[in-house]
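One structure is given below, encoded as structure tokens.
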Amino acid sequence: MMAFVALVILGVAEAGAQNVRFEEWFTGGTLRVNCLREGSAQGDTVWVERWYDRQAAWHGSRTQLIDPFDNGDYRVVMRDAETGRELFSRGYSNLFREYKDTPEGRNESKRFEETLLVPMPKGKVLIAFQKRDKDMKLYDQTVVVYEGVESGKWKVESGELATKFDVAFVMQGFDGVGEEEYQKVCERMRGVLFGKEPFKSHREDFNLYFVKGDAGVEYNTFGADRYAMTFKVWQLHDVLGTTPCDHIIIVLNNEKYGGGAIYNFYSVTSLHKMAENVLPHELGHGIGGLADEYVDEDLSYADLHRTQYEPLEPNITNLVDFPSKWQSLLPAGTLVPTPDAEVPRTENGPLGAYEGAGYSSKDVYRPAMHCMMRDYAPFCPVCRQRLEEVIKMYTR
Ligand SMILES: [Zn+2]
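In terms of our numbering, the sequence shown opens at residue 263 and continues consecutively.
Below, the structure written as structure tokens:
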């Protein structure tokens, strides 16, 4: 077990600049960091339990090392130990963020696993675990000093990894399933992933991998019957082993409706006949960091939409700072808020700012009458644009 050292912040690194030369700072391998986050709405702490060589080439981009999106409740940031210069960063979210807003999570402390995959540094670096303060700004929650790990031979070589969006399907519950039937399911999942835009047009940008194993996913997460997630994130990554994974999709061998996703963490679908819609919707969350555009007053608990700040997600707004969202895409003369229009479910309708999104019927607005993130219509232009940007980031 690795002890951790909390340090004083070394100064703010340049944000957004993609001028880190991969070869100068990274070996080309992958560092796996197992963390634990423990707490409740009253507060939480995060620490490193163990880090080690994943024995696989770095699967992510070698040019987009600094996260260009201000999304996700948490962020991992790697800095040069000497100068504090930012070398790598990624935003993400986790189940704890939802747990702390449940009745149990308000006071009762609970422990959550995280696994972060980062490019293996050549030398001594600082790894910062950031979270958002009440003003939505990221700050260093914990900083650890990394001085190297025992490194072996890579089992996965780099090849196309840097320029492909690598999606790893973890197939849960398929151990006793015959090969022919298993291949049929894999084929169906391939079709589901590429069935809708913008994924459809980017088929060539993806490499898919299929791994059988128990990812620990169970229905009824936080008491919601159809919400299927895993608390065994380390086990999920043990199943993955060295499989390249810019994103992880867990497929349950179960016909029951359900799924879920956490931004830059993983997405889940079942074999329900609606999977053709459920999975693209969940990938909107898991890959795009998109918000739900539907209304569900049962879910609009806690502080999902702090009123004096824009929500992080690009596809909803509370009109506090609409220019930072999709205002510039609206045709001249569009009324804001935009009155509802009669639009068939198969279309988005005119772009606007329609009231009712992010679970709230009031004060939160969405870009279109219909969208994959609302009612399984095609992704609206705002959602689609963000997904395109993310795909581009992983393939440059
Ligand atoms: Zn949308």
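Even glycine gets a Cβ: it sits at the ideal position worked out from N, Cα and C.
Item to check | Distance, Asn-469 Cα to Ala-424 Cα | outcome: As a position in the sequence shown, residue 424 is number 162, starting the count at 1. As a position in the sequence shown, residue 469 is number 207, starting the count at 1. About 11 Å.
Item to check | Which of helix, strand or coil DSSP assigns to Ala-564 | outcome: Counted from its first residue, the sequence shown places residue 564 at position 302. Reliability fails at Ala-564, whose pLDDT of 48 lies under 50, so the model's placement of it is uncertain and no value is given.
Checklist entry - Taking 7 Å as the cut-off, is the CB of Asn-580 close to at least one heavy atom of ligand 1? => result Translated into the one-based positions of the sequence shown, residue 580 becomes position 318. Because no heavy atom of ligand 1 lies under 7 Å away, the Cβ of Asn-580 does not count as near it: no.
Item to check | Given 8 Å, three or more beta-carbon pairs between the segment 640-648 and the segment 544-554 | outcome: yes
Item to check | Ser-586 classed as buried or exposed, judged by whether at least 16 other C-beta atoms fall within 10 angstroms | outcome: Within the sequence shown, numbered from 1, the residue matching residue 586 stands at position 324. By the 10 Å Cβ count, Ser-586 comes out exposed.
Item to check | Contacts around Met-655, its chain only, beta-carbon distance under 7 Å, and the 5 residues preceding and following it disregarded | outcome: On the sequence shown, residue 655 is found 393 positions in, with the first residue counted as 1. Counting only Cβ-Cβ distances below 7 Å, and skipping sequence neighbours, we find Ser-323, Gln-326 and Pro-330.
Next on the checklist: Let me check one thing: in DSSP terms, what residues is Cys-642 bridge-paired to?
Outcome noted: To locate residue 642, count along the sequence shown from 1; it is residue 380. Paired residue(s): none; Cys-642 is not in a bridge.
Checklist entry - Apart from the five residues just before and just after Leu-414, which ones in its own chain have a Cβ nearer than 7 Å to its Cβ? => result If you number the sequence shown from 1, residue 414 lands on position 152. Checking the sequence, you will find Gly at residue 414 rather than Leu. Contacts found: Asp-315 and Gln-317.
Next on the checklist: Report the start-end ranges of each alpha helix (DSSP H) in the segment 421-496 that is 4 residues or longer and not cut off at the edges.
Outcome noted: 441-455
Checklist entry - According to DSSP, which residues form a beta bridge with Lys-393? => result Position 131 of the sequence shown, counted from the start, is the residue given in the question as residue 393. Beta-bridge pairing links Lys-393 to Tyr-336 and Tyr-401.
Checklist entry - So Ile-578 and Tyr-519 are in contact, right, with Cβ under 8 Å, and what is the actual spacing, rounded? => result Counting from 1 along the sequence shown, the entry for residue 578 is found at position 316. Counting from 1 along the sequence shown, the entry for residue 519 is found at position 257. Ile-578 to Tyr-519, Cβ: 24 Å. No contact.
Checklist entry - In whole angstroms, what is the alpha-carbon distance linking Val-652 and Lys-535? => result As a position in the sequence shown, residue 652 is number 390, starting the count at 1. As a position in the sequence shown, residue 535 is number 273, starting the count at 1. Each residue's Cα considered, the two are about 28 Å apart.
Checklist entry - Ends of the alpha helix (DSSP H) at Val-626? => result Here residue 626 refers to the residue found at position 364 when the sequence shown is read from its first residue. Where Val-626 is concerned, there is no enclosing alpha helix (DSSP H), although the beta strand (DSSP E) it sits in stretches over 622-628.
Checklist entry - Got a sec? Which residues, its chain only, sit under 7 Å from Ser-371 by beta carbon, not counting five neighbours each side? => result In the sequence shown, counting from the first residue as 1, residue 371 sits at position 109. Same-chain partners within the cutoff: Glu-300, Gly-301 and Ser-302.
Checklist entry - Which residue from Gly-305, Glu-409 and Met-398 puts its Cα closest to that of Ala-343? => result On the sequence shown, residue 343 is found 81 positions in, with the first residue counted as 1. With distances taken between Cα atoms, Ala-343 lies closest to Glu-409.
Item to check | Through-space distance from Lys-399 to Val-447, alpha-carbon basis | outcome: Locating residue 447 in the sequence shown gives position 185, counting from the first residue. Locating residue 399 in the sequence shown gives position 137, counting from the first residue. Approximately 43 Å between the Cα atoms of the pair.
Checklist entry - Residues with a Cβ closer than 5 Å to any heavy atom of ligand 1, in chain order? => result Asn-577, Cys-633, Met-635, Cys-642 and Cys-645
Checklist entry - What's the call for Arg-341, buried or exposed, on a 16-neighbour Cβ count within 10 Å? => result By one-based count along the sequence shown, residue 341 stands at place 79. Label assigned to Arg-341: buried.
Next on the checklist: Pop quiz: Val-339 and Gln-392 are said to be a contact at Cβ under 8 Å. What is the actual Cβ separation, rounded to whole angstroms?
Outcome noted: Taking the sequence shown and counting its residues from 1, the one referred to as residue 339 is at position 77. Taking the sequence shown and counting its residues from 1, the one referred to as residue 392 is at position 130. Indeed they touch by this definition, with Cβ atoms about 6 Å apart.
Next on the checklist: Quick check on Gln-647: does DSSP put it in helix, strand or coil?
Outcome noted: Counting from 1 along the sequence shown, the entry for residue 647 is found at position 385. Here Gln-647 sits in helix by DSSP.
Checklist entry - Can you name, in chain order, every residue of its own chain whose Cβ lies under 7 Å from the Cβ of Arg-394, other than the five neighbours on each side? => result Position 132 of the sequence shown, counted from the start, is the residue given in the question as residue 394. Correct list, in chain order: Asp-335 and Leu-400.
Checklist entry - How should Thr-492 be labelled, buried or exposed, when 16 other C-beta atoms within 10 angstroms of its C-beta is the threshold for buried? => result Mapped onto the sequence shown, residue 492 falls at position 230. Burial call: buried.
Next on the checklist: From the DSSP secondary-structure annotation, give me the bridge partner or partners of Ala-619.
Outcome noted: Position 357 of the sequence shown, counted from the first residue, corresponds to residue 619. Its beta-bridge partners are Ser-622.
Checklist entry - From Gly-618 to Gly-346, what distance separates their C-alpha atoms? => result To locate residue 618, count along the sequence shown from 1; it is residue 356. To locate residue 346, count along the sequence shown from 1; it is residue 84. Going from the Cα of Gly-618 to the Cα of Gly-346 covers about 43 Å.
Checklist entry - What separation, rounded to the nearest whole angstrom, lies between the Cα atoms of Thr-600 and Gln-589? => result Counted from its first residue, the sequence shown places residue 600 at position 338. Counted from its first residue, the sequence shown places residue 589 at position 327. If you take the alpha carbons of Thr-600 and Gln-589, they lie about 12 Å apart.
Checklist entry - When the Cα atoms are used, what is the spatial distance from Phe-427 to Asp-508? => result Residue mapping note: residue 427 aligns to position 165 of the sequence shown, counting from 1. Residue mapping note: residue 508 aligns to position 246 of the sequence shown, counting from 1. Between Phe-427 and Asp-508, the C-alpha separation is close to 6 Å.
Checklist entry - Is His-547 near ligand 2, judged by its Cβ being under 7 Å from some heavy atom? => result Ligands displayed in this structure: ligand 1; ligand 2 is not among them.
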